[in-house]
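The structure under discussion appears below in the form of structure tokens.
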Amino acid sequence: MSRLDKADCYARDDEQKRRWSLAASALIKSRLVLARMSYRDLQHALADMGYVQHANTIATKLSRGGYSAAFFLMCLRATGTTSIDLPRE
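In this note's numbering, each residue carries its 1-based index in the sequence shown increased by 17.
Dropping the structure here:
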């Protein structure tokens, strides 16, 4: 594989990761709406689970899509989500 081919492959991988990150953030945001929760409500629910962050920090994480799987699962639990349907590509 040439250097150019590898660069193209990495670019596609980055694009795929970005798409999935945006989908994860959209899912959490939609669950917040369904649960009628604000970022401050989410902050308090996460604090009850032992994760202490300011509401603005949580909002920033969700807007940029960069966070751990643990944070994703805690947000889903905090909104009362018990199951999800994964998006099809």
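Positions of the beta carbon are idealized from the N, C-alpha and C atoms, including for glycine.
Since L79 contacts K46 with CB under 8 angstroms, what's their CB separation in whole angstroms? Mapped onto the sequence shown, residue 79 falls at position 62. Mapped onto the sequence shown, residue 46 falls at position 29. The pair is a contact, with the Cβ atoms about 6 angstroms apart (cut-off 8 angstroms).
With a threshold of 6 angstroms on Cβ separation, who are the neighbours of S42 within its own chain once the five nearest residues in sequence on each side are excluded? Taking the sequence shown and counting its residues from 1, the one referred to as residue 42 is at position 25. So the qualifying residues of the chain are L79, G82.
Just tell me which of T74, L51, L44 has its CA closest to the CA of R57. As a working note, residue 57 is residue 40 in the sequence shown. Of the candidates T74, L51, L44, the one whose C-alpha sits nearest the C-alpha of R57 is T74.
Which residue from Y84, I101, C92, D102 puts its Cα closest to that of K34? As a working note, residue 34 is residue 17 in the sequence shown. K34 has its Cα closest to that of Y84, out of Y84, I101, C92, D102.
Between the CA atoms of A72 and V50 - distance to the nearest angstrom: Translated into positions along the sequence shown, residue 50 becomes position 33. Translated into positions along the sequence shown, residue 72 becomes position 55. C-alpha separation (whole angstroms): 16 angstroms.
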